[in-house]
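As you go down the protein sequences, you meet chains A and B in turn. Numbers 1 to 572, taken from the working numbering, label the letters of the first sequence in order. Numbers 573 to 940, taken from the working numbering, label the letters of the second sequence in order. Below is one structure; the comments refer to it alone.
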Amino acid sequence: MSNGAITTTAAGLAGQTIKPKVSSEDWIMRAVLVGIALYLLITMVFPLYAILSKSFENPDGVFIGLSNYIKFFSTPALFWSIQNSLTVTLITTFIVVPLAFVFAYALTRSCMPFKGLFKGIALIPILMPSLLPAIALVYLFGAQGLIKGALMGQELYGPIGIVMGECIFVFPHVLTILLIAMANADARLYEAAQVLGAGKIKTFFTVTLPGVRYGLVSAFFVGFTLVITDFGVPKVLGGKYNVLATDIYKQVVGRLDFEMGAVVGMVLLVPAVAAFFADRIAQSRQVALLSARAVPYEPKPSRRFDMMMMGFCMLIGALILTVLGTAAFASVAKLWPYNLSFSLNHYDFDLMDGGGWDSYFNTLELAAWVAVIGTMAVFTGAYLVEKSKGFETGRSMMQFLCMIPMAVPGLVLGLAYIFFFNDPDNPLGFIYHTMPILVICTVTHFYTVSHLTAVTALKQMDPEFEAVSSSLKVPFYRTFIRVTVPVCLPAILDISMYLFVNAMTTVSAVVFLYSPDTALASVAMLNMDDAGDTAPAAAMGMLIVGTAAGVRLVHMLLSHGLLRRTQAWRYR
Amino acid sequence: MNDSQAAYLQVENLTKMFGDFTALKDISLDVFESEFVCFLGPSGCGKTTLLRAIAGLDIQTRGRIEQAGKDISALPPSERDFGIVFQSYALFPNLSIKRNVAYGLENKGMAKPDIDARVKELLELVGLSDQGDKYSAQLSGGQQQRVALARALATSPGLLLLDEPLSALDAKVRGHLRHEIKELQSKIGVTTIMVTHDQEEALTMADRIVVMNHGIIEQVGSPNEIYDDPASPFVADFIGTMNFLEATIAAPGRVRFGAAELTATDADGLQAGSDVTICIRPEDVTTRGVDAGTDNAIKATVTDLEFLGSVTRATLNVAGDDSLEFRADFSANLMRDLVIENGKDVTVAFPTDHLHVFTERVQTEVEV
């Protein structure tokens, strides 16, 4: 080869942009990624479009512009719900966030004993459908309540009841976020503050608070979203006090006014989406505060402070246990409050409306499917978003799609499914009123948090694993199965657990989608409570809590054993 | 290297853009069979980008790469022929050391006994025969890096790429492993490219060094060439220690530095009166046996002494011009023999064969 020849070819090529060859593996990755993106499009974006267009139509499906919205905003009974919703939501959030903050502070920054126990108790409400604390409050403060005097003549049904119920319901969620934010304290900052002569209070305001400020903001918005979109508590305790979440249900199930239901849904979407974006911003900043060199903070014992903190935790723990205990007691009391002898009559669900024991088994079936299918879809999707090469547009669109479900309230999603899947023109209409639609809806509803868990785990993996594999000519799916999945097993188990528990306890989305054959336990609770069968509703609630707790325990033991076998490399 | 031999790896006019940022500007380079080449440069100089382009991990925007006569410019990594070792080792944590090394072999449909034999051979090669059943977390950093090396070599690739393989290790292990990798490479004769920002690593290991800066190649040459005859002020500054001194051309081949006039072959073709920078390494400044009559002699005063152990680095002011300051390394016995101390007047010389002249004025930056 002469030098001249090289120069000519090189010069000829110099100006030409190289188009990287896409390997067959890349095509497989892209195809799967597109498949999962299509799933999210069909199960979320299209239904949302259906509900949006429905809100601009009359019952005959004719476009009528903003008429429905004008009707909504000119009917006081309807638009007052906005104010009501915001009122109870803000009050709840402003009560819960400080309480959870102190609780998290006690767990992370004190040396009090029994931290694990207190944390466990505080997290119990996660295992409950939100209907359950509400029902327990009825037994405590309702017309025949044990301690109704404590309300000093005030009515439980209405804002007071809603706020009390929501406080219990969202406490563990807010606590979890604050625990994560506080776990990441840098001991060096505290040492510096001490060396510089700052007192405890000054240190708190100059080191502790700034360190967790984004966590606090995030906790606030997550609490806000959970409360404003929650349906269970106001359904039981709302009385005549209308909030947006119950309005959607009333419009659709009570008055069969689907168009107005769609309008209320769109209105509810506004604060949920706003809170979602605020939370994303806060979360992204929280991450930036962490540096790899941080030295973990170790609290030092201080008898007085530790005792104070324990006292506080005991108080909160006692409240939660009281609520749980009341529900448990009511479910086995023969006839509250007249005959409190033990009886399992209320567990004979087949005698009640709502679906009987079948609904419980349907729920188990749903939760199992959601856990299996959801985990596989979520983890594979997250892997492809994180690790596939090129195809930037597709990946960032997928990333965006994965984030949307978090901003969509369950009720809105459920209603959207009616409009989309019950449309006679939809070829997918055959899944309407079946178990698959419940599975699909629930997977989509809880997609975002699972996706973020998977992404976090994947980001912790060495980014060069894929490069090494391809240099060794090992196809990506082999490395995915042999390395990625085993290394991420703890996160995968967490995701499946999260999906399972949420599938068991959720009411909001599925309340519009079940059929007589696919009645669910949480929906049965709702219907039994509606029919005045409060004690069986409590019994069903206890069954859900017990099952969720049991499954959680089994999951814990299983994953412990599994981790010991497959994660031997983690221990020296 | 043998220039008449065809290059094993040819990089032609490679350009890599990240958005508006040009990470590599029209890079051309030949690497020969069995050669050990180091890409050396400060962070952000494009050395890792070039390595990743050669691997196909981040394919170049423009330009051509040919390996063993085959155009691989647009091929994905899986269709190229290389083994790679990263700074992070990237060992699969859930697989034993043996399984890590066997990873690429298992996929090739080799029989199990053959795989076992090959793994055994490789682990022997890197001196870890007895560690095969452990997991990577149980090994030290140096051991992990050796496993990564064995894994990369397992499939007998034509090209071995090392991306800052020693940077995560502590100094002592680094020195040891440096030697081992070099020995291993010459034993099996695999063509190797290593990226490093550590000049000592490059000088001790490489057959040829490619010094890079701001996306271009500043110089390609053997360690001796790079050190003794830097092609640009950047190379002179980046490798070793160098005095950069302002001077003017007195006549072709002669530079005026302060009161002295020095002979410099580099200045042969330069216009009298033009400003230049002259460079000399502190260790090349001579003083023993130097007097006013020696070639390139300069009178100077010692203003500062910095004790570095076997040598002492002296800062000297040129007599009659306080603004001209340079450094010279004096050995311990020279310090003793000549009784060098602060304030002492000495005569030193800048030997012609160690004196470099650059036409640019150079602002030397203090490295932190």
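Glycine included, each C-beta is placed from N, C-alpha and C at the ideal position. Computed from a predicted structure; not experimentally measured.
### Query
Under 8 Å between the Cβ atoms of P737(B) and F654(B)?
Position 165 of the second sequence, counted from the first residue, corresponds to residue 737(B). Position 82 of the second sequence, counted from the first residue, corresponds to residue 654(B). It is not a contact, given that the beta carbons lie outside the stated cut-off.
### Query
Who pairs with L734(B) in a beta bridge, going by DSSP?
As a first step, residue 734(B) is located in the second sequence; it is residue number 162 there, counting from the start. Answer is V657(B), M766(B), bridged to L734(B).
### Query
Going straight from the alpha carbon of F205(A) to that of F118(A), what length do you get?
The residue labelled residue 205(A) in the question sits at position 205 within the first sequence. The residue labelled residue 118(A) in the question sits at position 118 within the first sequence. So the two alpha carbons sit approximately 26 Å from each other.
### Residues that D26(A) contacts on chain B, provided the C-beta gap is smaller than 8 Å
On the first sequence, residue 26(A) is found 26 positions in, with the first residue counted as 1. In chain order: P648.
### Task
Give the DSSP-derived three-state secondary structure of R826(B) in the structure shown.
The residue given as residue 826(B) occupies position 254 in the second sequence. Strand.
### Query
When the Cβ atoms of the region 908–928 of chain B are set against those of the region 851–870 of chain B, are three or more pairs found closer than 8 Å?
yes
### Contacts that F465(A) makes with chain B (C-beta to C-beta distance below 8 Å)
Start at 1 with the first residue of the first sequence, and residue 465(A) comes out as number 465. A662, F664, listed in chain order.
### E696(B) versus K597(B): straight-line alpha-carbon distance, rounded
To locate residue 696(B), count along the second sequence from 1; it is residue 124. To locate residue 597(B), count along the second sequence from 1; it is residue 25. So the alpha carbons of these two residues sit roughly 42 Å apart.
### Task
Report yes or no: is there a C-beta of chain A within less than 8 Å of the C-beta of S728(B)?
Translated into the one-based positions of the second sequence, residue 728(B) becomes position 156. No, because no Cβ of chain A sits closer than 8 Å to the Cβ of S728(B).
### Start-end ranges of the alpha helix (DSSP H) lying completely within the region 158–222 of chain A, minimum 4 residues
159–183, 187–195, 200–203
### Under 9 Å (Cβ pairs) to chain A, residues found in the region 605–633 of chain B
R624, A627, G628, L629, I631, Q632, T633
### Query
Starting from D598(B) and walking both ways along the beta strand (DSSP E), at which residues does that stretch end?
Residue mapping note: residue 598(B) aligns to position 26 of the second sequence, counting from 1. Start and end: 593–603.
### Task
List the residues of chain B whose Cβ lies closer than 8 Å to the Cβ of R478(A), in chain order.
Here residue 478(A) corresponds to residue number 478 of the first sequence, with the count starting at 1. Here the neighbours are N679.
### Message
Let's test the definition: count the other Cβ atoms within 10 Å of the Cβ of N905(B) and tell me whether it reaches 16, buried, or not, exposed.
### Response
One-based indexing of the second sequence puts residue 905(B) at position 333. By the neighbour-count rule (16 or more Cβ atoms within 10 Å), N905(B) is not buried but exposed.
### Task
Determine the burial state of A395(A): buried for a count of at least 16 other Cβ atoms within 10 Å of its Cβ, exposed for fewer.
Mapped onto the first sequence, residue 395(A) falls at position 395. Looking at the sequence shown, residue 395(A) is not Ala but Arg. The residue in question, R395(A), is buried, as its Cβ has 16 or more Cβ neighbours within 10 Å.
### Task
Return helix, strand or coil for A740(B), following the three-state DSSP convention.
For the purposes of this step, residue 740(B) is identified with residue 168 of the second sequence, where counting begins at 1. Coil.
### Query
For D425(A), which of helix, strand or coil comes out of DSSP?
Mapped onto the first sequence, residue 425(A) falls at position 425. Residue state, collapsed to three classes: coil.
### Message
For V412(A), would you say it is in contact with chain E, using Cβ-to-Cβ distances shorter than 8 Å as the test?
### Response
Note that chain E does not occur in the displayed structure, where the protein chains are A and B.
### Query
Using the C-alpha atoms, what's the distance from G892(B) back to T820(B)?
Indexing the second sequence from 1 puts residue 820(B) at position 248. Indexing the second sequence from 1 puts residue 892(B) at position 320. Approximately 17 Å, taken between the alpha carbons.
#### Entry: Cutoff 6 Å; reference A330(A); Cβ partners in own chain excluding five residues on either side
Taking the first residue of the first sequence as 1, we reach residue 330(A) at position 330. Y139, W336, A535, A538, listed in sequence order.
### Message
My output table needs one value for R652(B): the three-state DSSP class, helix, strand or coil.
### Response
Counted from its first residue, the second sequence places residue 652(B) at position 80. Three-state DSSP puts R652(B) in coil, outside helix and strand.
### Residue burial classification, M44(A) (beta-carbon count within 10 angstroms, cutoff 16)
Locating residue 44(A) in the first sequence gives position 44, counting from the first residue. Buried is the call here.
### Query
What's the C-alpha gap between M497(A) and H555(A)?
Taking the first sequence and counting its residues from 1, one reaches residue 497(A) at position 497. Taking the first sequence and counting its residues from 1, one reaches residue 555(A) at position 555. Cα to Cα, M497(A) sits roughly 7 Å from H555(A).
### Message
Contact criterion: CB-CB distance below 8 Å. Does I656(B) meet it with respect to chain A?
### Response
What you label residue 656(B) is simply residue 84 of the second sequence in a count that begins at 1. Closer than 8 Å to some Cβ of chain A, the Cβ of I656(B) qualifies, so yes.
### Query
Around the Cβ of R746(B), are there at least 16 other Cβ atoms within 10 angstroms (buried) or fewer (exposed)?
Within the second sequence, residue 746(B) is the residue found at index 174, counting from 1. Result: buried.
### Query
Which value, in whole angstroms, describes the spacing of the CA atoms of G793(B) and V603(B)?
Mapped onto the second sequence, residue 793(B) falls at position 221. Mapped onto the second sequence, residue 603(B) falls at position 31. Roughly 12 Å between the two C-alpha positions.
### Option in N796(B), A627(B), I656(B), V657(B) with minimal Cα separation from I644(B)
As a working mapping, residue 644(B) is identified with position 72 in the second sequence. The candidate whose alpha carbon is nearest that of I644(B) is A627(B).
### Query
Between A187(A) and the rest of its own chain, which residues show a CB-CB distance below 7 Å, the 5 nearest in sequence each way excluded?
Working through the first sequence from its first residue, we reach residue 187(A) at position 187. The answer, listed in chain order, is V295, P296, Y297, E298.
### Query
Contact check, L216(A) vs V97(A) under 8 Å by CB: the rounded distance?
In the first sequence, the residue the question calls residue 216(A) occupies position 216. In the first sequence, the residue the question calls residue 97(A) occupies position 97. Yes, they are in contact, since the Cβ atoms of L216(A) and V97(A) sit about 7 Å apart, within 8 Å.
### Query
Using a Cβ-Cβ cut-off of 7 Å (strictly less than) and excluding sequence neighbours within five positions of G232(A), which residues of its own chain qualify?
Reading the first sequence from its first residue, position 232 is the one you call residue 232(A). Correct list, in chain order: P129, S130, L131, A134, V507.
### Query
Is I811(B) helix, strand or coil when you go by DSSP?
Start at 1 with the first residue of the second sequence, and residue 811(B) comes out as number 239. Here I811(B) sits in coil by DSSP.
#### Entry: Beta-carbon proximity check, F72(A) vs F63(A), cutoff 8 Å
Here residue 72(A) refers to the residue found at position 72 when the first sequence is read from its first residue. Here residue 63(A) refers to the residue found at position 63 when the first sequence is read from its first residue. Cβ distance not < 8 Å, so F72(A) and F63(A) don't count as in contact.
### Secondary structure of K692(B), DSSP reduced to three states
Within the second sequence, the letter at position 120 stands for residue 692(B). In this structure, K692(B) counts as helix in the three-state DSSP scheme.
### Task
Please work out which residues of its chain come closer than 7 Å, Cβ to Cβ, to V222(A), disregarding the five sequence neighbours upstream and downstream, and give them in chain order.
Translated into positions along the first sequence, residue 222(A) becomes position 222. Around V222(A): H173, V174, I177, D279.
#### Entry: Residues that Q16(A) contacts on chain B, provided the C-beta gap is smaller than 8 Å
For this step, residue 16(A) is matched to residue 16 along the first sequence. What Q16(A) touches in chain B: R634.
### Query
Grouping DSSP H, G and I as helix and E and B as strand, with all else coil, what is T75(A)?
Taking the first sequence and counting its residues from 1, one reaches residue 75(A) at position 75. Three-state result, T75(A): coil.
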